[in-house]
Structure formats: C-alpha cells, structure tokens
Amino acid sequence: MKNPLLKLWHCVKKIVIAVTLLWLIAVIAFSFLPVPFSMVMLERQLSALFSINLSYVSRSEWVDQEQISPYMALAVIAAEDQRFPDHWGFDFSAIEMAVAHNKRSPKRIRGASTITQQTAKNLFLWDGRSWVRKGLETGMTAVIELLWSKKRILTVYLNIAEFGEGIFGVEEAARHYFHKPASRLTASEAALLAAVLPNPIRYRVDAPSAYVLQRQQWILHQMRLMGGKSYLKRIDK
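The opening position of the sequence shown corresponds to residue 15 in the numbering used here, with each subsequent residue numbered one higher.
Here it is, written out as structure tokens:
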C-alpha cells in the first residue's frame, strides 16, 4: 500500500503540471488572440457578488494597438516604465532605487514593477502582496517577455488595466470618461488616465485630486522629454 503522503505528492505534482500547461497554452493563445478577461476583473466581480454589491459590473472592450491613441501608449510608458523597450521584464536599476527608498521610508513603500510584470500580475494572478505571488509573477514575466513582442505586451496591458470602479481597458475608460474611442484620446487625456494607474480606486479620473493633476503634468513633461510619439518606434521593432 502506498504511503498517503506519497500519493498526495503525486496528486499535487499532476495538478501543478496540468495548471502550468494550461497557463502556457493561454500565454501562447493570448500572443495573438484578444484577452476576454483578467484575473483582476474576475476577482473584483466575485468580491462584489460576495459582498452583495449587485450594481458592480466589470466592463471592458478589447481593441488592437492600432485602435489606441499613440499618446496613451506613450503616457503609460512615461508614467510606469520608461525603460520598457530596453529591459527583459525587470528594471534592476529601478529595483535598486526602490529598495533604497523603502529602507529610508518604510511607511511609504515604493514599487518597481515594469509594465510586463504588471501585465502578468493583472492577467493571471490575484491582487495583494505575498512572496508566493511575487515568485509566480517573476516566472510569468520572464515567459511573457520570451513569447510576446513588446508591442503585444503593451496592447494587453492597455486592454486590462483598471482605470476606475468596474472600468477596465483603455477603450472602456475613453468612452466612459471622455465619450470618445481610445483612438481619439489627446495627450492631456492620456496623461490623466495614466496618472490614476498607481491606484485607480483611490485616484479618480472624473474628480482628479491636486496630486493627480500634478502627476498628469509630470507625465506630459516626461512624454515630451522622451521625444513624443517617435519614441514608440522603439517598441515596433
């Protein structure tokens, strides 16, 4: 008779292998297929259902990169990850600066997640902080960088990013806040959307705080310093 612990180990191993294979299939499929929903969308919707918040609905509409204003792509790179075209998923200089900052100011934690890391987390993982989630995110980030182009990573990120309560993706955000498609967003509108990304529940596009407006102007300045829309040629290679 087999040891029960050994049987449990074999069972767990089979489950892990099956989940890993399914995830790899999803990564390959999403390298060219639209993403129907993300784990963050699902988590928010389930949380609303369990709290009997029947008015909450996660809304999103997929659009290809060509249907997104170049200002929006430029704004999120300026705001979130200015070395995006050059790294392989991890910005080690930003990580070093974040570690140094967090040692000096432990009450004001600064992150250093790249756009690829945020895409992996939002698409496949749960919200919150833990070493387990961070470890999974690290592995997923490396695989996504290997299998997807930079342009594809940015397209998926813009389509699943949360811009407000129940508002996911740049197309839904553009139509909700500015009553226009994402393709027609101006530089100022794109910068305002990017300004709330650190915490789209706390910071609001439709009622921007002084901090959000200040951050919007900083993003616009960074967009100009980066060379404007011509900068995006670096991710089209």
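Just so it is clear, CB atoms sit at the ideal spot from N, CA and C, and this is done for glycine as well. The structure displayed is predicted, hence computed values, not measured ones.
Between K135 and the rest of its own chain, which residues show a CB-CB distance below 7 Å, the 5 nearest in sequence each way excluded?
Within the sequence shown, numbered from 1, the residue matching residue 135 stands at position 121. Taken in chain order, the residues that qualify are E151.
Between R143 and the rest of its own chain, which residues show a CB-CB distance below 6 Å, the 5 nearest in sequence each way excluded?
Translated into positions along the sequence shown, residue 143 becomes position 129. Nothing meets the Cβ criterion.
Can you tell me whether G153 is helix, strand or coil according to DSSP?
Taking the first residue of the sequence shown as position 1, residue 153 is located at position 139. Looking at G153 - three-state DSSP - the assignment turns out to be helix.
Using a Cβ distance threshold of 8 Å, determine whether the region 156-173 contacts the region 65-79, with at least three qualifying pairs required.
Cβ pair count under 8 Å is three or more, so yes.
Among Y217, M86, A187 and A108, which one has its Cα closest to the Cα of G242?
Along the sequence shown, read from residue 1 onward, the residue named residue 242 stands at position 228. That would be M86, whose Cα lies nearest to the Cα of G242.
Hey, how far is the Cα of I233 from the Cα of L22?
The count along the sequence shown starts at 1 and reaches residue 233 at position 219. The count along the sequence shown starts at 1 and reaches residue 22 at position 8. Answer to the nearest angstrom: the Cα atoms are 52 Å apart.
Going by DSSP, what residues sit across from I181 in a beta bridge?
Counting from 1 along the sequence shown, the entry for residue 181 is found at position 167. I181 pairs with R73 and G178.
With DSSP collapsed to three states, give me the class of A221.
In the sequence shown, counting from the first residue as 1, residue 221 sits at position 207. DSSP places A221 in coil when its eight states are reduced to three.
Whose C-alpha, out of A221, A156 and F64, is nearest the C-alpha of L206?
Start at 1 with the first residue of the sequence shown, and residue 206 comes out as number 192. Here the closest residue by C-alpha is A221.
Under three-state DSSP, which class holds S65?
To locate residue 65, count along the sequence shown from 1; it is residue 51. It is coil, neither helix nor strand.
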